[in-house]
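I have placed the structure first, in the form of structure tokens, so that the comments after it can refer back to it.
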Amino acid sequence: MDSEDDLLQKCITSAMPKQR
Amino acid sequence: PTPPYLKWAESLHSLLDDQDGTNLFRSFLCQEGCEDLVDFWFACSGFRQTSQDKRAKLAKVIYRKYIVDGSGIVSRTIKAATKSFIRDCVGKPHLDPAMFEQAQTEIQAMMEENTYPLFLKSDLYLEYT
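Chains as they are written, first to last, in the working numbering: chain Y, 7 to 26; chain B, 166 to 294.
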């Protein structure tokens, strides 16, 4: 995974709901 | 208490507020070949919270991945005016954290009218319930 994909993936994950 | 899967049927927001709901909805969208819709929606939310030093790079990545290629589902869904607004924003030195907000609203409206009702009728959701 290159750094751009990584940046995007982190951004998406950070906004997703966390486990109940 | 109301089981989570019944809450998912109340609104798209209730679904996207829940981790299992989000995962199941994303699996459904993968089957339909349009998981970019929900990924983009969360990317827009994440972008607003991203620190200023990473914002310029991230804006370019989001723009390149979802918007510049006109054949993708996100690009086909959002309005031409919204796309040009984002294109103009991407090159600016100080980026507005809300620059993807209009695009996110348009994608959300499309999911509410289209993929979300289909998800609630899908085998994937019915099997889960």
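Glycine included, C-beta positions come from ideal geometry on N, C-alpha and C.
Computed from a prediction, not measured in an experiment: that's the story for all the values here.
What residues of chain Y sit near B/Ile227, judged by a beta carbon separation below 9 Å?
-> Leu14, Cys17
Mind checking Y/Met7: buried by the 16 CB within 10 Å criterion, or exposed?
-> Below a pLDDT of 50, predicted positions are generally treated as unreliable, and Y/Met7, at 48, falls in that range; no measurement from the model is reported.
Kindly give me the distance between the Cβ atoms of B/Met275 and B/Thr242, rounded to whole angstroms, as I take these residues to be in contact under 8 Å.
-> 5 Å
To the nearest angstrom, report how far apart B/Ser249 and Y/Gln25 are at their CA atoms.
-> 37 Å
For the alpha helix (DSSP H) that contains B/Ile160, what are its first and last residues?
-> The requested residue 160 of chain B does not occur in the structure, where chain B is confined to residues 166 to 294.
C-beta contact flag for B/Tyr281 and B/Leu177 at 9 Å = yes
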